[in-house]
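>
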Amino acid sequence: MKKIISSVLILLVLLLIFIYWYNYSGGMVSKGPDDIKNITVTVFPCKEEKKEIRTVDDKDEIEKIYNMLDNTAKIRNNRYPSHAESAQWDPEFEIDILYKNGEQEHIFSAPETGFICKYLNSTGGSGDKGFRKGENQSVWDYIFAEEETPDAEVPEPKKDEEVVAPTPVKEEKPDREITEIPLDSVKGITPEEAEKLCYNALGEKDEETGFIFSFGTAGAVETGGTQYYVIRASWLVNNSHLSYIGDFFVSADGRRIYSGTALAGEYTMDKIIWEK
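Here is the structure:
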C-alpha cells in the first residue's frame, strides 16, 4: 500500500512539474537572434493620427530587441478567455518578427494590464489556443523612449566679433492645395481600376515582410486641376489582422500614383511611385 501511495505522489509531482513547464516555460520568441530577418515595430496601430511604423534590419538592433523579449518575466500561457476574445484589445504597440525561413511571430501589448503577449499556435486542454503573456518594462521603455536631440554647437566668437544668433532653417514643403471632392464626380477610371493599378504597381504582397496588401478606395481629391482617387493601403500581419500602412493617390487618367497620407480630412501627397 505504501508503494502505491508513493508511486501516486511521484506521478502527481511529475504532473505538476509538467503543468508548470507547459504554462510558464519558454520566452516570447521561439528562435535565436541570428534566425531573424527583420522586426517591424508599430506604435499605436489602432490610432491613425498617432500611428508610427518602423522596420529594423540592423543586426545589433535586432539582437537588442531579441534580448529584451527573451528576458520577459513571469511568463505564463493564458488559455482563457478564448483566442477570439483575447484579440479585442487596443494595443499600444505591436512587434512583428519575420524569420529567415519565412515564419512569423506577432507580439503585442495589453494596455489594461501592462503585459506583453503573443498568440499561441498550439491548443491547450480547453481546446483554445489562447496567448502567452509576461511582464517586461524594458520593452515599453525602448518603444516609447523620447529621442534626445543634442544641442547644436555654436562656435565661440572671435575677439571683438559681434555675436549673431544662428538663423533657424525652415523646412521647405511643396505648395500643393488639395481639395476633397465627391467620389462620383471623378471623371476617368473607376475606383476598382484605381485599386487594381495599386496592385499592379506594388504587387500582391510586400517583398520584404511577405505581408499581403489590401487596397480600398477611401475618397477622392483634386489638386492642380487633376482628380485623384484616395486609396487606403493596409497589409495582413501574420495572417491575423490588417494594419494600416498609408495611402496612395491614383490619378483619374490612370497614369500616375503618388504616395501620401489621408488623415482626418487632411491630405498629403509625397512622391510619384508609379507613372505610365
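Just so you know, we're using my numbering here: the sequence shown kicks off at 885 and counts up by one. Just so it is clear, CB atoms sit at the ideal spot from N, CA and C, and this is done for glycine as well.
Does the distance from the CB of E978 to the CB of T926 come in under 7 Å?
For E978 and T926, yes; Cβs fall inside 7 Å.
> Could you tell me which residues DSSP puts in a beta bridge with K1002?
Beta-bridge pairing links K1002 to I991 and R1016.
> Check each candidate in V1121, S891 and I1141 and name the one with the smallest Cα separation from I937.
I937 has its Cα closest to that of V1121, out of V1121, S891 and I1141.
> What are the complete alpha helix (DSSP H) segments, minimum 4 residues, inside the stretch 1065-1118?
Taking only runs of at least 4 residues, the alpha helix (DSSP H) segments lying wholly in the stretch 1065-1118 are 1075-1086.
> Going by DSSP in three states, D919 sits in which element: helix, strand or coil?
Correct three-state label for D919: helix.
> Roughly how many angstroms separate the alpha carbons of G986 and G1094, rounded to a whole number?
Going from the Cα of G986 to the Cα of G1094 covers about 8 Å.
> Thinking just about the alpha-carbon of each residue, which of A1136, G1130 and W1158 is nearest to the one in G1072?
Residue A1136 is the option with its Cα nearest to G1072.
> Looking at the C-beta of E1077, does it have a partner C-beta in chain B at a distance below 7 Å?
Going by chain labels, chain B is absent from the structure shown, which holds only one protein chain.
> Does the beta-carbon of E1092 have 16 or more other beta-carbons within 10 angstroms, so that it is buried, or is it exposed?
Label assigned to E1092: exposed.
> Where do the ends of the beta strand (DSSP E) carrying D941 lie?
Where D941 is concerned, there is no enclosing beta strand (DSSP E), given that its DSSP letter is neither H nor E.
> What number of angstroms, rounded off, separates the C-alpha of I923 from the C-alpha of K1080?
Approximately 29 Å between the Cα atoms of the pair.
> So the alpha helix (DSSP H) I1157 belongs to, where does it begin and stop?
Where I1157 is concerned, there is no enclosing alpha helix (DSSP H), although the beta strand (DSSP E) it sits in stretches over E1150 to E1159.
> Since I believe A1117 is in contact with D1131 (beta carbons under 8 Å), could you give me their beta-carbon distance rounded to a whole number of angstroms?
So it is a contact: roughly 6 Å between Cβ atoms.
> Does the Cβ-Cβ distance between Q1021 and V1070 come in under 7 Å?
Going by C-beta atoms, Q1021 is not nearer than 7 Å to V1070.
> Is the Cβ-Cβ distance between I1065 and E1106 less than 7 Å?
Yes, they are a contact pair.
> So what does I1062 bridge to, in DSSP terms?
Partner(s): none; I1062 has no beta bridge.
> Please work out which residues of its chain come closer than 7 Å, Cβ to Cβ, to E989, disregarding the five sequence neighbours upstream and downstream, and give them in chain order.
If we look at E989 and ignore the five residues flanking it on each side, its Cβ neighbours are V913, S914, I981 and K1002.
> Once DSSP output is grouped into helix, strand and coil, what is the label at L982?
Looking at L982 - three-state DSSP - the assignment turns out to be strand.
> With 16 other CB atoms within 10 Å as the buried threshold, where does G949 fall?
In the sequence as displayed, the identity of residue 949 is Ile instead of Gly. I949 is buried by the Cβ-count criterion.
> Once the 5 residues before and after K1160 are set aside, which same chain residues still bring their CB inside 8 Å of it?
Excluding positions up to five away in sequence, the list reads G1138, R1139 and R1140.
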